[in-house]
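A short worksheet on the structure shown next.
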Amino acid sequence: MAYTVMLTLLGMLLRWCVSLYPYSGYNKPPMFGDYEAQRHWQEVTTNLPIEEWYVNSTQNDLLYWGIDYPPLTAYHSYLCGLVAHKINPRFVDLDTSRGYESYEHKLFMRSTVFIVDILVYFPAAYMFCKAMAYASKGKTGKLEYMALV
């Protein structure tokens, strides 16, 4: 168990260190890269009705980072967007927040990834490795977990 905790903490530290580096599209208008795509999806999902998330309109220009992932991803963006709106509505204001960047928002975006990793990814990776170890009788799954984390 201590080995698993150590690997998880190491994986979290590595993720946080990587998050300190610039992201693709940093300060490169008009699209601003993947960061803006994720922020824009939060903007769309928190401001438009569900039936408009995947529809091109004056309020949802699909050529500007239209949601192109399955609905589960959109629901995730929606939940993150609700939290973003509570923290600072400017994070997800419809249209006026395009290209929005601030220290606080970057911290928020990085934290959402970190929290979802802790709540979803790490437990799923752990359970997968335990199941694989059980199926292969005798292996511990530690090496597999290390590779996934």
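Mature numbering (1 follows the signal peptide of the UniProt record, and there is no 0) puts the sequence shown at residues -19 to -1, 1 to 130. All C-beta atoms, glycine included, are put in the ideal place defined by N, C-alpha and C.
Do residue j and residue i come within 8 Å of each other at the CB atom, strictly closer than that value?
{"i": "residue 50", "j": "residue 27", "result": "no"}
{"i": "residue 40", "j": "residue 29", "result": "yes"}
{"i": "residue 21", "j": "residue 45", "result": "yes"}
{"i": "residue 72", "j": "residue 81", "result": "yes"}
{"i": "residue 127", "j": "residue 1", "result": "no"}
{"i": "residue 107", "j": "residue -16", "result": "yes"}
Identify, in the order they occur along the chain, each residue of the same chain with its Cβ nearer than 7 Å to the Cβ of residue i, setting aside the five sequence neighbours on each side.
{"i": "residue 75", "result": "24, 28, 40"}
{"i": "residue 122", "result": "110, 111, 113, 114"}
{"i": "residue 17", "result": "6, 46, 80"}
{"i": "residue 34", "result": "25, 26, 48, 55"}
Taking 8 Å as the limit between beta carbons, can you name the residues of its chain near residue i, skipping five residues before and five after?
{"i": "residue 99", "result": "-8"}
What residues in its chain sit with their C-beta under 6 Å from that of residue i, if we drop five residues either side in the sequence?
{"i": "residue 86", "result": "72"}
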